[in-house]
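K.L.:
Numbering (this note's numbering), first residue to last: 1015 to 1205.
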């Protein structure tokens, strides 16, 4: 049996991210995206339906089909709002309870179920690259690791970040090798 190789790529930087607010569905990229070294040219491409993911896939020169199941978390009434504009009690409820949806949209728990179902049923063996959102990438990592939903907000996903998974009987997270960083004059000792 052939394995599934899945690379998730976060969309490029948006103005919403730069300003600390939740994105709108038609949120454009803040800056152009260029192809990333190391992305397979043989993989089948997918992307979420939002403008920012489609523009990222195009910048990466990835021939990607739109898959609705990769869409961003539905944040309901909070779309387009800055974090500082949100009622603090509602924000705290959302951050601490994965089943809470004070914005009237999709809860973290519902997002995680959606992403887990997609990973377990939509992909056939082969190599895949999917351009999606930070929240979808967090949900995928929790599913692969079998981690508690309460860990969701403890994962940071930066623009153009990649996470790789393989599946042969069970999901595994693969750390991506990167180019060595420029050595700092005072390196921090390993822990």
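Beta carbons: idealized from backbone N, C-alpha and C, even for Gly.
With a 10 Å radius around its C-beta and 16 neighbouring C-beta atoms as the bar for buried, classify residue 1128 as buried or exposed.
P.N.:
On the chain shown, position 114 is the one that residue 1128 refers to. Buried, by the Cβ-count rule.
K.L.:
Do residue 1022 and residue 1151 have their beta-carbon atoms positioned less than 8 Å apart in this structure?
P.N.:
Within the chain shown, numbered from 1, the residue matching residue 1151 stands at position 137. Within the chain shown, numbered from 1, the residue matching residue 1022 stands at position 8. Yes; because the gap between Cβ atoms is below 8 Å, this pair is in contact.
K.L.:
Any idea if residue 1121 is buried or exposed, counting beta-carbon neighbours within 10 angstroms, 16 or more meaning buried?
P.N.:
Against the chain shown, residue 1121 aligns to sequence position 107. Flag for residue 1121 reads buried.
K.L.:
Which residues bound the beta strand (DSSP E) around residue 1021?
P.N.:
Mapped onto the chain shown, residue 1021 falls at position 7. Its beta strand (DSSP E) spans residues 1018 to 1024.
K.L.:
Okay, do the region 1091 to 1107 and the region 1174 to 1192 touch, 3+ Cβ pairs below 8 Å being the bar?
P.N.:
Contact fails: fewer than three Cβ-Cβ distances are below 8 Å.
K.L.:
Compare the C-alpha of residue 1145 against each of 1038, 1184, 1017 and 1171 and name the closest.
P.N.:
As a working note, residue 1145 is residue 131 in the chain shown. For residue 1145, the nearest C-alpha among the options comes from 1171.
K.L.:
Who are the near neighbours of residue 955 in its chain, counting only those whose CB is closer than 6 Å to its CB and skipping five residues on each side?
P.N.:
Examination of residue 955 is not possible in this model, given that the chain is present from 1015 through 1205 alone.
K.L.:
For residue 1074, name the three-state secondary structure that DSSP assigns.
P.N.:
Position 60 of the chain shown, counted from the first residue, corresponds to residue 1074. Three-state DSSP puts residue 1074 in coil, outside helix and strand.
K.L.:
Indicate whether residue 1056 and residue 1044 have their beta-carbon atoms separated by less than 8 Å.
P.N.:
As a working mapping, residue 1056 is identified with position 42 in the chain shown. As a working mapping, residue 1044 is identified with position 30 in the chain shown. Taking 8 Å as the Cβ cut-off, residue 1056 and residue 1044 do not qualify as a contacting pair.
K.L.:
Taking only beta-carbon atoms, is residue 1052 less than 8 Å away from chain B?
P.N.:
Structure shown: chain B not included; a single protein chain is present.
K.L.:
Are the Cβ atoms of residue 1112 and residue 1074 separated by less than 8 Å?
P.N.:
Residue 1112 sits at position 98 when you count from the first residue of the chain shown. Residue 1074 sits at position 60 when you count from the first residue of the chain shown. Their beta carbons are not under 8 Å apart, which means residue 1112 does not touch residue 1074 by this criterion.
K.L.:
Between which residues of its own chain and residue 1197 is the CB-CB distance below 6 Å, once the five residues before and five after are set aside?
P.N.:
Position 183 of the chain shown, counting from 1, holds the residue named residue 1197. Caution applies to residue 1197, whose pLDDT of 40 falls short of 50 and renders its modelled position unreliable; the model cannot decide the point.
K.L.:
Mapping DSSP to helix, strand and coil, what is residue 1118?
P.N.:
Along the chain shown, one-based indexing puts residue 1118 at 104. It is coil, neither helix nor strand.
K.L.:
So within the region 1031 to 1070, which uninterrupted beta strand (DSSP E) runs reach at least 3 residues, ignoring any that extend past its ends?
P.N.:
1058 to 1061, all fully within the region 1031 to 1070.
K.L.:
Taking the Cβ atom as the reference point for each residue, do residue 1107 and residue 1126 lie within a distance shorter than 8 Å?
P.N.:
Against the chain shown, residue 1107 aligns to sequence position 93. Against the chain shown, residue 1126 aligns to sequence position 112. Cβ distance not < 8 Å, so residue 1107 and residue 1126 don't count as in contact.
K.L.:
Can you tell me where the beta strand (DSSP E) with residue 1142 in it begins and where it stops?
P.N.:
Within the chain shown, numbered from 1, the residue matching residue 1142 stands at position 128. Element bounds for residue 1142: 1140 to 1146.
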